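Enquirer: Numbering (UniProt numbering), first residue to last: 1 to 267.
Heads up, the beta-carbon is just placed ideally off N, CA and C, and yes, glycines get one too.
All figures in this text were calculated on a predicted structure; none of them were measured in a lab.
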Amino acid sequence: MNKKGFTLTEMIVVLVILAVLAAFAIPTMLGFVSYSQVSLCDTQRMDIVRLFETQARMTPGLDINTFAKENYGNEAHLCPGGGVYYGYSYYESENQAVGIMYCSEHTTVADGRLYLDTRVLLDKIKAMTPDQKRAYLGITDNNFSNDTYRAKILAENGGEWKLIPQSVLDKTAYQKKSADLRIQPYFFGTEWDQSIIYANTAKDTSDSNKWATNLVFNHENGKWYEYIVKHPSNDSRESFSMTSLNNSTWTDFKAQLNDTTKWQVVD
């Protein structure tokens, strides 16, 4: 019987084959793990929001972060991928809460976090005196409005609005090549106490054409919406003016987003 073993050359060939197989298999497995983490994270955040909104009907004034900590413990704020959960909640009526729970790992930084920045600012100034507001906002007048609030948030975010991800633009119908669009906040309402995130080419607050947009962000479902109204005399798209929201509310505008002749979900 021939008990001859592997030669050095044969062993090298086997190792090379194994290395090639690993090169294909490892990225595939890592991709699967990454996808699973995203899915688990999304599911957990949706569960927290759903249960919070149910509990809030029986406990008016309940805050989503307090609810998550008391019911899930501190571990609820760590996603499977190591991200940190952070949320915001508000009430559309006494017993109707709306909860938002974002993840630092799986939420687009430029839209989810920027929206929370606006809510934090509005919450902070709510209990301030006029003098305290001026000091916080860095102003000397009483211009407690959109321009001043935007300037404050812009300064806290490096002095330049971040570009919208190309992955979002790729899913739009008419904005795929608008790579210069930047994500920024807009404050509106009769008391300037409503906020929304939209996209415009302005890098900061100095641009003269900063209120026109074709993309707005719905913070409740984490989706962008594209304004698709066609210009009456050509095939271009008209822009939506953010200033049209000034005397409106988020609830009113959210209803407008359901008009599919004007708005289309970017999905």
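Under 7 Å, do T118 and P185 count as touching if we go by C-beta distance?
Expert: Within the sequence shown, residue 118 is the residue found at index 118, counting from 1. Within the sequence shown, residue 185 is the residue found at index 185, counting from 1. Closer than 7 Å, so yes.
Enquirer: With respect to the alpha helix (DSSP H) encompassing P130, which residues constitute its N-terminal and C-terminal limits?
Expert: Here the question's residue 130 lines up with position 130 in the sequence shown. That run of the alpha helix (DSSP H) goes 130 to 137.
Enquirer: Kindly say whether Y115, judged by its beta-carbon, lies nearer than 7 Å to any beta-carbon of chain E.
Expert: The structure shown has no chain E; it contains just one protein chain.
Enquirer: For the structure I just gave you, are there three or more beta carbon pairs, one from the segment 63 to 72 and one from the segment 186 to 194, closer than 8 Å?
Expert: Output reads no: the segment 186 to 194 does not touch the segment 63 to 72.
Enquirer: If you measure between the beta carbons of residue 269 and R45, is that distance less than 7 Å?
Expert: With the chain running from 1 to 267 in the structure shown, residue 269 is simply not present.
Enquirer: Which word fits A25, buried or exposed, when buried means at least 16 other C-beta atoms lie within 10 angstroms of its C-beta?
Expert: The residue given as residue 25 occupies position 25 in the sequence shown. Because A25 carries a pLDDT of 49, less than 50, the predicted location of this residue cannot be relied on, and the following value inherits that uncertainty. By the neighbour-count rule (16 or more Cβ atoms within 10 Å), A25 is not buried but exposed.
Enquirer: Identify, in the order they occur along the chain, each residue of the same chain with its Cβ nearer than 7 Å to the Cβ of K203, setting aside the five sequence neighbours on each side.
Expert: Here residue 203 corresponds to residue number 203 of the sequence shown, with the count starting at 1. Result list for K203: E160, W161, R182, in chain order.
Enquirer: Taking C-alpha atoms, which residue in E94, C79, C103, A97 lies nearest to Y86?
Expert: On the sequence shown, position 86 is the one that residue 86 refers to. Y86 has its Cα closest to that of C103, out of E94, C79, C103, A97.
Enquirer: State the CB to CB distance for the pair D180 and T201, rounded to an integer number of angstroms; the pair is presumed to be in contact (CB under 8 Å).
Expert: As a working mapping, residue 180 is identified with position 180 in the sequence shown. As a working mapping, residue 201 is identified with position 201 in the sequence shown. Confirmed, Cβ separation roughly 5 Å.
Enquirer: Report the three-state DSSP secondary structure of G158 (helix, strand or coil).
Expert: As a working mapping, residue 158 is identified with position 158 in the sequence shown. Coil.
Enquirer: Assuming L257 and N218 are in contact, meaning their beta carbons sit under 8 Å apart, how far apart are those beta carbons, in whole angstroms?
Expert: Counted from its first residue, the sequence shown places residue 257 at position 257. Counted from its first residue, the sequence shown places residue 218 at position 218. 6 Å between Cβ atoms; contact.
Enquirer: Within its chain, find whatever has a CB closer than 6 Å to the CB of E53; leave out the 5 residues flanking it on each side and keep chain order.
Expert: Position 53 of the sequence shown holds residue 53. If we look at E53 and ignore the five residues flanking it on each side, its Cβ neighbours are A97, G99.
Enquirer: So is V84 buried or exposed if we call it buried at 16+ other beta carbons inside 10 Å?
Expert: Here residue 84 refers to the residue found at position 84 of the sequence shown. The residue is exposed, with fewer than 16 neighbouring Cβ atoms inside 10 Å.
Enquirer: Quickly, what does DSSP pair Q96 with across the bridge? List them, please.
Expert: Taking the first residue of the sequence shown as 1, we reach residue 96 at position 96. Bridge partners of Q96: S93.
Enquirer: What are the boundary residues of the beta strand (DSSP E) that V168 is part of?
Expert: Locating residue 168 in the sequence shown gives position 168, counting from the first residue. Careful: V168 lies outside any beta strand (DSSP E), inside the alpha helix (DSSP H) at 166 to 169.
Enquirer: Counting only the same chain and skipping the five closest in sequence on each side, list residues whose C-beta sits under 8 Å from that of Q166.
Expert: Position 166 of the sequence shown, counted from the start, is the residue given in the question as residue 166. Closer than 8 Å at the Cβ level, and outside the excluded window around Q166, lie A179.
Enquirer: State the Cα-Cα distance for the pair A173 and P232, rounded to the nearest angstrom.
Expert: In the sequence shown, counting from the first residue as 1, residue 173 sits at position 173. In the sequence shown, counting from the first residue as 1, residue 232 sits at position 232. C-alpha separation (whole angstroms): 18 Å.
Enquirer: What does C103 pair with, by DSSP beta-bridge criteria?
Expert: In the sequence shown, residue 103 corresponds to position 103, counting from 1. According to DSSP, C103 bridges with Y85.
Enquirer: To which residues does DSSP link A199 through a beta bridge?
Expert: As a position in the sequence shown, residue 199 is number 199, starting the count at 1. Partner(s): I183.
Enquirer: Pull up the CB-CB distance for Y88 and L62, whole angstroms please, since I reckon it's below 8 Å.
Expert: Your numbering for residue 88 matches position 88 in the sequence shown. Your numbering for residue 62 matches position 62 in the sequence shown. So it is not a contact: roughly 13 Å between Cβ atoms.
Enquirer: My assumption, with CB atoms under 8 Å, is that K262 sits in contact with V229. Please give the rounded CB distance.
Expert: Residue mapping note: residue 262 aligns to position 262 of the sequence shown, counting from 1. Residue mapping note: residue 229 aligns to position 229 of the sequence shown, counting from 1. Between V229 and K262 the Cβ distance is about 5 Å, and since that is below 8 Å, they are a contact.
Enquirer: CA-CA distance, V216 and A255?
Expert: Residue numbering aside, residue 216 sits at position 216 when the sequence shown is read from its first letter. Residue numbering aside, residue 255 sits at position 255 when the sequence shown is read from its first letter. Approximately 13 Å, taken between the alpha carbons.
Enquirer: Can you give me the C-alpha to C-alpha distance between D207 and L154, rounded to a whole angstrom?
Expert: For the purposes of this step, residue 207 is taken as the residue at position 207 of the sequence shown. For the purposes of this step, residue 154 is taken as the residue at position 154 of the sequence shown. Their Cα atoms are separated by approximately 13 Å.
Enquirer: What residue ranges within the segment 215 to 250 form continuous alpha helix (DSSP H) runs of no fewer than 4 residues, ordered along the chain?
Expert: List check, alpha helix (DSSP H) in window: nothing returned.
Enquirer: Is N65 near the ligand HEM, with its Cβ less than 6 Å from a heavy atom?
Expert: This structure simply doesn't include the ligand HEM, nor any ligand for that matter.
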